[in-house]
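Asker: Have a look at this one.
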Amino acid sequence: MFNMTKNVVTNLMTKSSTRLYPIAVRGHFEGFRGTLVCNVDECIFCRSCMIKCPSQCITVDNKAGTWTCEVMSCVYCGVCVDVCPTSCLSMTKEHRPVATERQTIFLQGVPKKKKKEEAAAE
Amino acid sequence: MARTILPFGPQHPVLPEPLHLKLTIEDETVVEALPTLGYVHRGLEKLCEVRDFNQMIQIVERVCGICSCLHALCYCEGVEQIMGVEVPRRAKYLRTIWGELHRMHSHLLWLGLFADAFGFESLFMQFWRVRERIMDIMEATCGNRVVVSVNVIGGVRRDLSPEQCQWIEEQLAVSEKEIKQLSTTILNDYTVKKRTVGKGVLTKEQAYQLGAVGPMLRGSGWAQDARQTGYAAFGELGFDPVVEYDGDSYARCAVRFRETLQAIDIARLAIARLPAGETATNVEGAMEDDTPKPVAAGERRDIMQAYNRDKRHRVTAAPPPNLDLPAGLVAAKVKGKPEGEAVTRVEQPRGELMYYLKGNGSKNMERVRIRTPTFANIPPLLAMLPGCELADVPVIVLSIDPCISCTER
Ligand code: SF4
Ligand code: SF4
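Same order as they appear, the protein sequences are chains H and C.
So for the first sequence, my numbering puts the first residue at 1; every next one is plus one.
So for the second sequence, my numbering puts the first residue at 1001; every next one is plus one.
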């Protein structure tokens, strides 16, 4: 009948296990897959991330040099970060803030020049 | 006596476990139960025809939120079997560790929900507090709390550093102490016994004939566990299945409780014996390389320009410790196209999970058939219900640990 008495007393003596959420926010561990960040300056528009993403939320246009991500479809698996050859994708350990609307990240970079164009420019 | 047909659940398909039962009752006694399934069908098996076999890992992980790691493990073992990929020993041990962590957190979740089902709210919170530690381990080592995405074909994506191993052991020791403190309450308390002992009895013969799996089977006296087949590192770790003989809800509860402690032991043993070496294998195959050759790796800069971070998103409580991440994580690059068939079995927290995979030599699998433990446990459930009282139905249904989103994919 009084099996839990010891637990109850301990719980009363120790400090609470929960926190006052909006005031106190718990940090995340190192290596947490929080927000996907793309450093578009280093992106070479190779489209690997677009091909490998399981939820198909990244669209890369290598002609126009745009990198688009439907952040609401992202499942935070980190596959794109693993496959990016230039390491321009990374994940920070913060959650994305709560949003009230559908969001898309649209980044404009400089598209890669074709070899011919490069030769012509020189 | 007048018969009444009573619909039992689901109030809404997005609520947990939308299993609908049509109960025929006489007075207060259930005489027949008929299930209705199909409220949360998501067509994940069909997706395998359009996503390639590497992307399928993330998709099968999402079959079930609680045992995601084991779904991925089962799928990866199957594809590795088809393609003849040898997994490094360290990767096998790491898979075991994460698999057992998943078992712990699933069982603790269930023990909490079970306590909640018969109205023991404070016990529910005690169990979930312990579970939080396990979730923390998962977050610190895998990068996510529930859907961990660590298994890939040919190995695992993350490694454990010695600091992390030590920290996990400390956390497991504390959790074990906390779980043991609760053992008298969940196994000896008058209220708990009153609601569980002798309710929903599944005899040994019934369990065998109706094909029960997992804690259902072991609660009815069969010492059978898919881990005995020795997938991942279980062949080298050695363990005895937990068995109880009464076959009632109490026995199943006891099996799960003791399995939680056993999982802690197995995880500890795996950490202690963790062999050195690679965590992923690289096998080059015939598939044309659709990833470009790496250019000079630019330094990864911490750039936040793309996001307007919420200024209020501040961290006031003490952040968790920053554990040293092991350097130089290699992503496995298994290339090729699976051709052939494989059947793999792993032991999920709920029972035996079976995958049938068929590759036809293209990037997409031709067939991915998933048989989940709850699917196997529904016929025994229907055999258990007749004869019980209406008030015991929620406890009995919960005692099979139903995971309907698993069943319907
Ligand atoms: S984290 Fe996963 S789902 Fe999100 S964009 Fe990258 S690959 Fe796609
Ligand atoms: S993989 Fe990296 S470099 Fe290639 S398109 Fe994606 S972000 Fe750009």
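Here a beta-carbon is modelled for each residue, glycine too, at the ideal position from N, C-alpha and C.
(1) Compare the C-alpha of V1087(C) against each of G1211(C), W1167(C), Y1231(C), A1376(C) and name the closest.
(2) Could you pull out every residue in the same chain whose Cβ sits closer than 8 Å to the Cβ of A1251(C), ignoring the five residues on either side in sequence?
(3) Check the Cβ-Cβ distances between A1116(C) and every residue of chain H, and say whether any is below 8 Å.
(4) Should D1392(C) be labelled buried (16 or more other beta-carbon atoms within 10 Å of its own) or exposed?
(5) Are the C-beta atoms of N1144(C) and some chain H residue less than 8 Å apart?
(6) In whole angstroms, what separates the C-alpha of K15(H) from that of V9(H)?
(7) Report, in whole angstroms, the separation of the C-beta atoms of S87(H) and C74(H), which I expect to be a contact under 8 Å.
(8) Check whether the Cβ of P54(H) sits closer than 7 Å to any heavy atom of ligand 1, and report yes or no.
(9) Taking all protein chains shown into account, decide if L1034(C) is buried (16 or more other Cβ within 10 angstroms of its Cβ) or exposed.
(10) Tell me which residue opens and which closes the alpha helix (DSSP H) that F1124(C) is part of.
(11) Can you tell me whether DSSP reads N1377(C) as helix, strand or coil?
(12) Looking at chain C, is there any beta carbon in it that lies within less than 8 Å of the beta carbon of C77(H)?
(13) Closer than 7 Å to a non-hydrogen atom of ligand 2 - does that hold for the CB of N89(H)?
(14) Tell me, please, which residues DSSP counts as bridged to W67(H).
(15) Determine the extent of the alpha helix (DSSP H) in which Q1262(C) is found, giving its start and end residues.
(16) Quick check: what's the CA-CA separation for Y1496(C) versus G1043(C)?
(17) Where does N1377(C) land, buried or exposed, given buried means 16+ other C-beta within 10 angstroms?
(18) Under three-state DSSP, which class holds L1108(C)?
(19) Per DSSP, what kind of secondary structure is H959(C) in: helix, strand or coil?
(20) Could you give the C-beta distance for M1216(C) and I1400(C), rounded to a whole number, given that I count them as a contact under 8 Å?
(21) So with Cβ pairs under 8 Å, would you call G31(H) a contact of chain C?
(22) Assign Y1075(C) to buried or exposed, taking buried as 16 or more other Cβ atoms, counted over all protein chains shown, within 10 Å of its Cβ.
(23) Distance check for N1151(C) and I1057(C), CA to CA, integer angstroms please.
(24) Any contact between the region 1187-1205 of chain C and the region 1384-1391 of chain C? By contact I mean 3 or more CB pairs, one from each, below 8 Å.
(25) Assuming W1098(C) contacts C1069(C) under a Cβ cut-off of 8 Å, what Cβ separation, rounded to an integer in Å, is found between them?
(26) Quick one: which chain C residues come within Cβ less than 7 Å of P54(H)?
(27) What residues in its chain sit with their C-beta under 7 Å from that of V1116(C), if we drop five residues either side in the sequence?
(28) Would you say the region 96-115 of chain H touches the region 63-71 of chain H, given that touching needs at least three Cβ pairs under 8 Å?
(29) Would a check of beta-carbon distances place D1159(C) closer than 8 Å to chain H?
(30) Could you check if E1408(C) is buried or exposed, using at least 16 other CB atoms within 10 Å of its CB as the buried criterion?
(31) Identify every run of the beta strand (DSSP E) within the region 1177-1212 of chain C, keeping only runs that are complete inside it and at least 3 residues long; order them along the chain.
(32) State buried or exposed for D1189(C), treating a residue as buried only when at least 16 other CB atoms are found within 10 Å of its CB.
(33) Distance cutoff 8 Å, beta carbons only. Does R1129(C) sit that close to anything in chain H?
(34) Using 7 Å as the cut-off, classify the Cβ of G1447(C) as near or not near the heavy atoms of ligand 1, replying yes or no.
(35) List, in chain order, every chain H residue whose beta-carbon is nearer than 9 Å to that of E1139(C).
(36) So which residues on chain H does S1122(C) lean against when the C-beta distance must stay under 9 Å?
Answerer: Well, looking at it:
(1) Y1231(C)
(2) G1219, S1220, E1244, Y1245
(3) Note on residue identity: the sequence assigns Asp, not Ala, to residue 1116(C). Chain H contact via Cβ: absent.
(4) buried
(5) yes
(6) 12 Å
(7) Wrong, their Cβ atoms sit about 18 Å apart, outside the cutoff.
(8) yes
(9) exposed
(10) 1121-1142
(11) helix
(12) yes
(13) With the sequence shown as reference, residue 89(H) is identified as Leu, and Asn is not the correct amino acid for it. Under cutoff, so the answer is yes.
(14) V60(H), L107(H)
(15) 1249-1272
(16) Nothing in the structure corresponds to residue 1496(C), since chain C is present only between 1001 and 1409.
(17) buried
(18) helix
(19) This structure leaves residue 959(C) out entirely; chain C is present only between 1001 and 1409.
(20) 6 Å
(21) yes
(22) buried
(23) 8 Å
(24) yes
(25) 5 Å
(26) R1051, Q1055, Q1058, I1059
(27) Position check: residue 1116(C) holds Asp in this sequence, whereas Val was assumed. Closer than 7 Å at the Cβ level, and outside the excluded window around D1116(C), lie F1124.
(28) yes
(29) no
(30) buried
(31) none
(32) buried
(33) yes
(34) No statement about residue 1447(C) is possible, as the shown extent of chain C runs from 1001 to 1409 and does not include it.
(35) H28, F29, G31, F32
(36) M4, N7, V8, N11
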